[in-house]
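First up is the structure itself, then whatever we jot down about it.
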Amino acid sequence: MPHDAEISEKRMVFIAGLHRSGTSLLHDILRSHPDISGFRDTGVPEDEGQHLQTVYPAARVFGGPGRFGFHKASCMADDHPLATPENATLLYKQWRPHWDVSKPVLLEKSPPNLVRTRFLQKLFPGSRFIVVLRHPLAVAYATRKWCHSSIPALIEHHLRCHERFILDMVMLDHVRILRYEEFVRCPAFHVDKLCDWLGVDRFPFDQQVRTDINAKYLQQWHADCQGVRGWGIKAVCFARCFEKRAARFGYSVRTPEILSSGALPVIGTDILDETDEVSEKT
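Taking full-length UniProt numbering as reference, the numbering of the sequence shown is continuous, increasing by one, and the terminal residue is 282.
Below you can see the structure in the form of structure tokens.
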């Protein structure tokens, strides 16, 4: 069967979210569904589709974890020159050997998807996007060992990427936002809801989901904010209005243990000021 015809018969699902946001856990759970095929044992980091294709640049081209979102070229929309039918066919051809295409739902997960949702939707109309959010402090501390950027720079990267997504979200046909903290508290409930949305049967899964991972990172944040050094960290963070920006996603830098209920972002063109360039080295 020609690939173009095969693509039209599949439900393409993309998981998006920064490194260390819980996307790998969700990918592992969903790909265990009998009607969903996700990449497995591919030999590339975290079985991410970005490493299994040549159509678009992977995150490493733009600095990798904690940095890729600072580069405008990393953000790809539906008007990108690479968003062509020919590239859609090529991308599917490159990913196809890693899927069980007898299944109706095909799943892919890569962190840069967060800033490329419109691009992917252009390539594969009707695609569904699951975006995983996690507290910017937890993501920053978990990512620091990989990229050695400062905590304020990593928080800035987190917020910029998600603010970029929020601007793109209004153009998406099918999207669900899942906050990590809510997911780990009741994973079965959220997986059931995702299954309903994806049009597949609910199913039991045996992956272990820990509920306390954020705690060690938030404790480190509180420790770092003490003493003389802490004044510098807090001054930088609050000067950049991190508190106000994080609040759009239901998070707080001042009281990070508190998750605001129903505080997912309000769409608005004031969310991201692209003229405000901040180096990831800050």
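All residues carry an ideal CB built from backbone N, CA and C; glycine is no exception.
Kindly indicate which three-state DSSP category D270 falls into: helix, strand or coil? Residue confidence for D270 is low, a pLDDT of 34 falling below 50, so the modelled location carries little weight and cannot support an answer.
Should P65 and P111 be called a contact, given that it needs their Cβ atoms to be closer than 9 Å? yes
Ends of the beta strand (DSSP E) at S37? I36 to G38
Keeping to the same chain, check which residues put their C-beta closer than 8 Å to that of T23; ignore five residues upstream and five downstream. I15, A16, G17, K109, P111 and V132
Grouping DSSP H, G and I as helix and E and B as strand, with all else coil, what is F14? strand
Please name the residue in L178, A223 and G38 whose C-alpha comes closest to that of P104. G38
Can you have a look at residue 283 and say buried or exposed, based on whether 16 or more other CB atoms are within 10 angstroms of its CB? With the chain covering only 1 through 282, there is no way to say anything about residue 283.
Tell whether a beta-carbon distance below 9 Å holds between P57 and S32. no
Assign L256 to one of two classes, buried (16 or more other C-beta atoms within 10 Å of its C-beta) or exposed (fewer than that). The question names Leu, yet the displayed sequence has Pro at residue 256. P256 should be labelled buried.
Measuring CB to CB, does L90 end up less than 9 Å from H27? no
Could you give the distance in angstroms between the alpha-carbon of S8 and the alpha-carbon of G43? 28 Å
Option in L114, D201, Y141 and D79 with minimal Cα separation from K122: D79
Where does the unbroken beta strand (DSSP E) through V131 begin, and where does it stop? R128 to L133
Proximal residues to I258 (C-beta, below 8 Å), its chain only, five neighbours per side dropped: S252
Can you check whether the CB of H162 is closer than 9 Å to the CB of residue 321? Since the displayed the chain opens at 1 and closes at 282, residue 321 lies outside it and no answer follows.
Can you tell me whether M171 is buried or exposed, with buried defined as 16 or more other CB within 10 angstroms of its CB? exposed
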